[in-house]
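Novice:
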Amino acid sequence: MRPMMLVLGVAAMLLSVPPRVARGGDEVDEIEAKLQAIAKQQQGLEQEAQALRKQLEEVKKQSQGSIRIEIKGKLTALDKVPWYVVRVNDSVFPNVSVVVRLVRGEDKNRQLDEHLKSLAGKMVVVEGFLDCRSVGQAADTLDLYLRDVNQVKPLDEK
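Residue 81 is where the sequence shown starts when you use our numbering, and the numbers rise one by one after that.
Below is the structure:
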């Protein structure tokens with residue numbers, strides 16, 4: 081008789097407990113509310129990210145400006161540093177000499193390294209963009225940013 085009373089007692093207890101308490105009560109509601117708040121925040125952040133992406137594209141479209149230069153002269157390899165330079169005289173002021181360092185965009189561009197080696201000591205035409213970070217650092221030196229072999233050609237090829 082005892083087990084039957086125990087079963088009836090447990091059944092009566094379960095029936096008398098409100099469903100909210102059976103689910104965990106306030107804790108469940110609190111967690112659900114937090115999840116809803118996070119979902120709203122996430123939606124707001126997605127909208128903000130989308131607006132920032134659009135703003136970034138607009139800024140990229142604006143002209144940033146650049147200085148493109150072409151140099152004709154003898155390509156010289158410097159002994160102490162792994163740089164190549166072209167020394168040129170100004171066409172308007174012949175007594176003004178400028179050294180243009182050829183700055184590589186990537187150290188591991190072996191194809192460019194070999195190309196520069198093969199042209200060392202020869203007259204070349206170099207085309208590219210002025211590396212404006214170095215302007216004003218040395219009075220007679222400019223840096224030209226190199227990315228690929230097509231920027232440096234033997235003078236007779238041009």
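Where is the CB? At the ideal position from N, CA and C, for every residue including glycine. On a predicted model such as this, the values are computed, not experimentally measured, just so you know.
Who are the near neighbours of K202 in its chain, counting only those whose CB is closer than 8 angstroms to its CB and skipping five residues on each side?
Specialist: For K202, where only same-chain residues beyond five positions count, the Cβ hits under 8 angstroms are K154, L155, P234, L235.
Novice: With DSSP run on the structure shown, which of helix, strand or coil describes N169?
Specialist: In this structure, N169 counts as strand in the three-state DSSP scheme.
Novice: According to DSSP, is L136 helix, strand or coil?
Specialist: If DSSP states are grouped into helix, strand and coil, L136 belongs with the helices.
Novice: Between which two residues does the alpha helix (DSSP H) holding K233 run?
Specialist: That residue, K233, is in no alpha helix (DSSP H); its beta strand (DSSP E) goes 232 to 234.
Novice: Do you know offhand how far L125's Cα is from L196's?
Specialist: In a straight line, the C-alpha of L125 is about 49 angstroms away from that of L196.
Novice: Candidates V139, R184, A200, N175: which alpha carbon is nearest D159's?
Specialist: Among V139, R184, A200, N175, the Cα nearest to that of D159 is on A200.
Novice: From V168 to Q122, what does the alpha carbon distance come to, in whole angstroms?
Specialist: If I take the Cα positions, the gap works out to 58 angstroms.
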